[in-house]
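Quick note: the sequence shown uses our numbering, first residue 1344, plus one each step.
To keep things clear, I will list the structure first and then write my remarks on it.
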Amino acid sequence: MYVGRLVWNRQRFVKDPDTGKRQSRLNPVEAWVTTDVPELQIIDPATWERAQALKSRYASHAGNKRQTKKRLLTGLLKCGCCGGNMTIARKDRYYCAARREKGTCEAGFGIAAAEVENRVLDGLRRILVGNDALIAEFTTELKAELVRLKKARQSTQRDFTKELADVERGIARLISFITSGDGAPESVRSELTKLEDRKAHILAQQKRTAISPVVDFHPNYAELYRKKVGELALLLSGEDTREEAMTSIRSLVDRIEVRAGIKRGETDVTLVGALAGILALGTNKNATPEGGGTFLLVAGVGFEPTTFRL
């Protein structure tokens, strides 16, 4: 358009077989159709060439070298007021993105990235290190959960066996009805098809349940757990290993909520998720960090003791 030239057939659209949505694909340059429209020209050819030369000169240069540093808690922090994401803004502080970008939240508070990271890590270290009550309680809860799951599987298998016997008896009756000449096969064909489909479904479910691994309780589980927790706590205490520790923790954390504290300038930090449920089993759920505010642990929906990776 700048030099009075329209280009057609730059791209084509194809349908994604999985999503059904259209996706654009760039056509080869030789397939483009170019038409001169001098009446739409904005700049002269010489200016256009100089601009293209300047563009080419900087094409290989790196972009903004001040890349945003990925923080330990990136993507986990949520505004306790509206539930939206909290993102880094000025001076390496987290603020509610909904308030900054849309103005739909009243949360005007922020929290320094370093502060919230230290509070979360310090809180985890205080809870993990030397907490024998936590280990004992968690071991008890895990053992009970494994027993419950084993009984549930056995009950499911019994139900499948009973239903399969009922279905097979139904199939046998229909086949006997057909072979005895008491009725036309067409009259029971639909019901026979349903029973055959149900039988195939039950057999598939039985097979799936049978091949699922059965988790047994290790006799030295408490000692193994204590060792793994100690390793995690050690990783959390080192500047160079914090990121490695947070990688393990991330899968167990649903979100970290930040709310304004009671006193002006204070903030409350709440860890929500399976990890919180695990840690809260054997410890005081509320921990008071230095500088005011609170660090809380809240079990996530559907918390299962077995979710803690060891």
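Each residue gets a CB set at the ideal place from its N, CA and C atoms; glycine is no exception.
Smallest Cα separation from residue i: which of the options?
i: Thr1613; options: Glu1587, Thr1522 and Arg1462; result: Arg1462
i: Glu1587; options: Gln1500, Ala1455, Val1459 and Leu1415; result: Leu1415
i: Glu1511; options: Ser1533, Lys1486, Glu1484 and Ala1543; result: Ala1543
i: Pro1371; options: Trp1351, Arg1541 and Gly1446; result: Trp1351
i: Ala1374; options: Arg1365, Gln1366, Pro1360 and Arg1355; result: Arg1355
i: Cys1425; options: Tyr1437, Val1615, Glu1449 and Arg1433; result: Glu1449
i: Arg1516; options: Leu1535, Lys1398, Arg1602 and Gln1548; result: Leu1535
i: Lys1550; options: Ile1599, Ser1533 and Thr1504; result: Thr1504
i: Glu1458; options: Pro1388, Phe1481 and Lys1434; result: Lys1434
i: Glu1382; options: Ala1396, Gly1363, Arg1365 and Arg1348; result: Arg1348
i: Ala1553; options: Glu1460, Lys1606, Arg1541 and Lys1493; result: Lys1493
i: Glu1654; options: Lys1537, Glu1529 and Glu1460; result: Nothing in the structure corresponds to residue 1654, since the chain is present only between 1344 and 1653.
Only counting the same chain, and skipping five residues up and downstream in sequence, which positions put a Cβ closer than 6 Å to that of residue i?
i: Thr1590; result: none
i: Ser1367; result: Gln1354 and Phe1356
i: Thr1447; result: Ala1441
i: Ala1603; result: Phe1452
i: Pro1528; result: Ile1521
i: Lys1394; result: Residue identity differs from the one stated: residue 1394 is Ala in this sequence, not Lys. So the list is empty, once near-sequence residues are dropped.
i: Arg1541; result: Val1510
i: Ser1399; result: none
i: Gly1524; result: none
Decide if residue i is buried, meaning its Cβ has at least 16 other Cβ atoms within 10 Å, or exposed.
i: Ile1454; result: buried
i: Arg1442; result: buried
i: Ala1487; result: exposed
i: Val1490; result: exposed
i: Ala1476; result: exposed
i: Ala1495; result: exposed
i: Asp1509; result: exposed
i: Ile1605; result: exposed
i: Lys1358; result: exposed
i: Ile1518; result: exposed
i: Ala1456; result: buried
i: Asp1611; result: buried
i: Asn1627; result: Low local confidence applies: a pLDDT of 41 at Asn1627 is under 50, so the model's placement there is unreliable, with the coordinate-based value given in what follows. The residue in question, Asn1627, is exposed, as its Cβ has fewer than 16 Cβ neighbours within 10 Å.
Residues in the same chain with beta-carbon distance under 7 Å from residue i, minus the five sequence neighbours each way, listed in chain order, please.
i: Tyr1345; result: Ile1385, Ile1386 and Trp1391
i: Glu1506; result: Ile1545
i: Met1429; result: Leu1420, Lys1421, Cys1422, Tyr1437, Tyr1438, Cys1439, Ala1440 and Val1601
i: Pro1388; result: Val1346
i: Ala1547; result: none
i: Asp1379; result: Gly1347 and Arg1348
i: Thr1499; result: Thr1552
i: Thr1584; result: Leu1578
Is residue i close to chain B, meaning its C-beta is less than 8 Å from at least one C-beta of that chain?
i: Ile1599; result: No chain B appears in the structure shown, which is made up of a single protein chain.
Grab me the residues of residue i's own chain with a C-beta within less than 8 Å of its C-beta, minus the 5 sequence neighbours each way, in chain order.
i: Gln1497; result: none
i: Arg1365; result: Phe1356, Val1357, Lys1358 and Asp1359
i: Arg1598; result: Leu1419, Leu1420, Lys1421, Val1615 and Gly1616
i: Leu1369; result: Arg1353 and Gln1354
i: Thr1377; result: Arg1348, Leu1349, Val1350 and Trp1351
i: Ala1432; result: Tyr1438, Arg1443 and Gly1453
i: Gly1363; result: none
Since residue i contacts residue j with CB under 8 Å, what's their CB separation in whole angstroms?
i: Gly1451; j: Ala1440; result: Not really, about 13 Å apart at Cβ, beyond 8 Å.
i: Glu1539; j: Ile1514; result: 7 Å
Whole runs of the beta strand (DSSP E) within the segment 1418 to 1445, excluding any shorter than 3 residues: 1420 to 1422, 1429 to 1431 and 1436 to 1439
Those runs of the alpha helix (DSSP H) which lie wholly inside the segment 1461 to 1545 and span at least 4 residues: 1475 to 1522
Would you list, in sequence order, the uninterrupted beta strand (DSSP E) runs of no fewer than 3 residues that lie entirely inside the segment 1363 to 1391? 1365 to 1369 and 1376 to 1379
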